[in-house]
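Participant: One structure, as structure tokens, below. Some questions next.
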Amino acid sequence: MPISTNVDVFYRTIRRWKLPKAHIHQRRRFFPHDPPFETPQMASSATTADDDTMVIMPLGGGQEVGRSCILLQFRGRNILLDCGAHPGREGNDSLPFFDSLDDPSEIDLILITHFHIDHCAALPYFTEKTNFRGKIYMTHATKAVMKMLLSDNIKLQTRSRPLYTEAELQCCVDKIEVIDFHQTVEHKGVRFTPTAAGHVLGAAMFTVEIDGIRVLYTGDYSMEEDRHLMQAEVPPGGPPDVLIVESTFGVITLPPKEERESRFTAVVEDIVSRGGTATLPSTSF
37 MPISTNVDVF YRTIRRWKLP KAHIHQRRRF FPHDPPFETP QMASSATTAD
87 DDTMVIMPLG GGQEVGRSCI LLQFRGRNIL LDCGAHPGRE GNDSLPFFDS
137 LDDPSEIDLI LITHFHIDHC AALPYFTEKT NFRGKIYMTH ATKAVMKMLL
187 SDNIKLQTRS RPLYTEAELQ CCVDKIEVID FHQTVEHKGV RFTPTAAGHV
237 LGAAMFTVEI DGIRVLYTGD YSMEEDRHLM QAEVPPGGPP DVLIVESTFG
287 VITLPPKEER ESRFTAVVED IVSRGGTATL PSTSF
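Residue numbering for the sequence shown follows this note's numbering, starting at 37 and increasing by one per position.
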């Protein structure tokens, strides 16, 4: 049975669904003020006892905007989907809950959907400050722009020491392998294919297949064609068995693009006509 849900549900509840070859066990990382309902030992035991149990655990990005990082475990494979930092926090407080991982060296694969801070800024910390030894994949454009943004982000850390240095960032970048849209790569029995997600240059959603079970992780995506980007593609192969979808604006109806463009250009025209200067942020490319 195909499943469509979002990480907020994964974060808050434990439920099980029957799949053709698997069922899913979700567990959340609870904050100190939240009552615990399951220990890591319980989840670990469940995974050991039933190799057909898929564990999907948000290390960040559950019921919050920022530090997207989803742990996917199935049949002995361990994958991190994105590795972001919280843009509103600094230092260790901005990181995903990496302490929930038993051993970072057991992570086989990291897939980064795009270059925004909340989806990739914790990656150099994880690759250079832990014993992670796995593979990292992202698109060409994501790798190129990520390097620039994270280098700039280091300089913007004012309240605490940066999580990593420029040299450590470069070491991380050197470990990244690039992948093209629609290219399928296999690593340790995990097949994954990126398709265009719209949103920003190079953004991808990943279809991950393990032993015939297909998981689609979207990251941020846009179904609206832009002036410089195509809209998100529907991945081939039919509905996935599991869908993990970004839901930041899932309950908000945004104004039409034409209306937003008209308001924007009107503001700029007003400023310029009065002899002023319009300063535009461009960090989202």
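For every residue, glycine included, the Cβ atom is placed at its ideal position computed from N, Cα and C.
1. Leaving out the 5 sequence neighbours to the left and right, which residues in its chain are closer than 8 Å to residue 271 when beta-carbon positions are compared?
2. Thinking residue 140 and residue 168 are a contact (beta carbons under 8 Å), I'd like their distance in whole angstroms, please.
3. From 293, 245, 200, pick the residue whose C-alpha is nearest to that of residue 258; which is it?
4. Provide the residue(s) that pair with residue 245 in DSSP beta bridges, ordered along the chain.
5. So, does the CB of residue 301 fall closer than 8 Å to a CB anywhere in chain D?
6. Could you check whether residue 144 and residue 120 sit closer than 8 Å to each other, using their CB atoms as the reference points?
7. In the DSSP assignment, what are the bridge partners of residue 109?
8. Rounded to the nearest angstrom, what separates residue 103 and residue 285 at their Cα positions?
9. Tell me, please, which residues DSSP counts as bridged to residue 213.
10. Quick check: residue 254 and residue 213, are their CB atoms within less than 8 Å of each other?
11. At a cut of 8 Å, does the stretch 259-267 reach the stretch 155-163 through at least three beta carbon pairs?
12. Short check: CB of residue 95 to CB of residue 151, under 8 Å?
13. Can you list, in chain order, the residues of its chain with a C-beta nearer than 7 Å to that of residue 142? Leave out the 5 residues immediately preceding and following it.
14. Go ahead and pull the three-state DSSP assignment for residue 237.
15. In the structure shown, what three-state DSSP assignment does residue 97 receive?
16. To the nearest angstrom, how far is the alpha carbon of residue 215 from that of residue 249?
17. Buried or exposed, going by whether 16 or more other CB atoms sit within 10 Å of the CB of residue 97?
18. Give the single residue among 218, 204, 197, 164 whose Cα lies nearest to the Cα of residue 410.
19. Helix, strand or coil, according to DSSP, for residue 268 in the structure here?
20. Can you give me the Cβ contacts of residue 224 inside the same chain, cut-off strictly under 8 Å, excluding the 5 residues immediately before and after it?
21. Distance check for residue 205 and residue 268, CA to CA, integer angstroms please.
22. Going by C-alpha to C-alpha distance, which of 201, 233, 93 sits closest to residue 165?
23. Three-state secondary structure (DSSP) at residue 317?
24. What does a CB cutoff of less than 6 Å around residue 177 pick up in its chain, not counting 5 residues either side in sequence?
25. Taking the straight line between their C-alpha atoms, what separation do you get for residue 72 and residue 209?
26. Mapping the DSSP letters down to three states, classify residue 181 as helix, strand or coil.
27. So what does residue 222 bridge to, in DSSP terms?
28. Quick one: using the 10 Å Cβ neighbour count with 16 as the cut-off for buried, is residue 301 buried or exposed?
Facilitator: Inspection of the coordinates gives the following:
1. In the sequence shown, residue 271 corresponds to position 235, counting from 1. Correct list, in chain order: 229, 231, 241, 243, 252.
2. Looking up residue 140 in the sequence shown gives position 104. Looking up residue 168 in the sequence shown gives position 132. Right, their Cβ atoms sit about 4 Å apart.
3. Looking up residue 258 in the sequence shown gives position 222. Cα-wise, what sits closest to residue 258 is 293.
4. By 1-based counting over the sequence shown, the position of residue 245 is 209. Paired residue(s): 227, 250.
5. Considering every chain present, this structure includes no chain D. It has just one protein chain.
6. On the sequence shown, position 84 is the one that residue 120 refers to. On the sequence shown, position 108 is the one that residue 144 refers to. Taking 8 Å as the Cβ cut-off, residue 120 and residue 144 do not qualify as a contacting pair.
7. Taking the sequence shown and counting its residues from 1, the one referred to as residue 109 is at position 73. Answer is 91, 114, bridged to residue 109.
8. Locating residue 103 in the sequence shown gives position 67, counting from the first residue. Locating residue 285 in the sequence shown gives position 249, counting from the first residue. Distance between the alpha carbons of residue 103 and residue 285: 16 Å.
9. Along the sequence shown, read from residue 1 onward, the residue named residue 213 stands at position 177. According to DSSP, residue 213 bridges with 173.
10. Numbered from 1 along the sequence shown, position 218 holds the residue referred to as residue 254. Numbered from 1 along the sequence shown, position 177 holds the residue referred to as residue 213. Not in contact: residue 254 and residue 213 (Cβ atoms no closer than 8 Å).
11. As far as the Cβ criterion goes, the stretch 259-267 does not touch the stretch 155-163, which means the pair count is below three.
12. Stepping through the sequence shown from its first residue, residue 95 is reached at position 59. Stepping through the sequence shown from its first residue, residue 151 is reached at position 115. Contact: no.
13. Within the sequence shown, numbered from 1, the residue matching residue 142 stands at position 106. Same-chain partners within the cutoff: 114.
14. Translated into the one-based positions of the sequence shown, residue 237 becomes position 201. Residue 237: coil per DSSP, three-state reduction.
15. Locating residue 97 in the sequence shown gives position 61, where the first residue counts as 1. Coil.
16. Here residue 215 is taken as the residue at index 179 of the sequence shown, counted from 1. Here residue 249 is taken as the residue at index 213 of the sequence shown, counted from 1. The C-alpha of residue 249 is placed about 21 Å away from the C-alpha of residue 215.
17. Working through the sequence shown from its first residue, we reach residue 97 at position 61. Residue 97 comes out buried.
18. The requested residue 410 is not part of the displayed model; the chain covers only 37 to 321.
19. Taking the sequence shown and counting its residues from 1, the one referred to as residue 268 is at position 232. Correct three-state label for residue 268: coil.
20. Working through the sequence shown from its first residue, we reach residue 224 at position 188. For residue 224, where only same-chain residues beyond five positions count, the Cβ hits under 8 Å are 113, 144, 145.
21. What you label residue 268 is simply residue 232 of the sequence shown in a count that begins at 1. What you label residue 205 is simply residue 169 of the sequence shown in a count that begins at 1. Residue 268 and residue 205 have their alpha carbons spaced roughly 29 Å apart.
22. By 1-based counting over the sequence shown, the position of residue 165 is 129. Of the candidates 201, 233, 93, the one whose C-alpha sits nearest the C-alpha of residue 165 is 201.
23. Locating residue 317 in the sequence shown gives position 281, counting from the first residue. In the three-state reduction of the DSSP assignment, residue 317 falls in the coil class, being assigned neither a helical nor a strand state.
24. For this step, residue 177 is matched to residue 141 along the sequence shown. These residues qualify, in order along the chain: 237, 238.
25. Position 36 of the sequence shown, counting from 1, holds the residue named residue 72. Position 173 of the sequence shown, counting from 1, holds the residue named residue 209. At residue 72, the pLDDT of 37 sits below 50, so the modelled position is not reliable; the number obtained from the coordinates is stated separately. If you take the alpha carbons of residue 72 and residue 209, they lie about 37 Å apart.
26. Locating residue 181 in the sequence shown gives position 145, where the first residue counts as 1. Note: residue 181 maps to helix in three-state DSSP.
27. Here residue 222 corresponds to residue number 186 of the sequence shown, with the count starting at 1. Residue 222 is bridged by DSSP to 227.
28. Taking the first residue of the sequence shown as 1, we reach residue 301 at position 265. So residue 301 counts as exposed.
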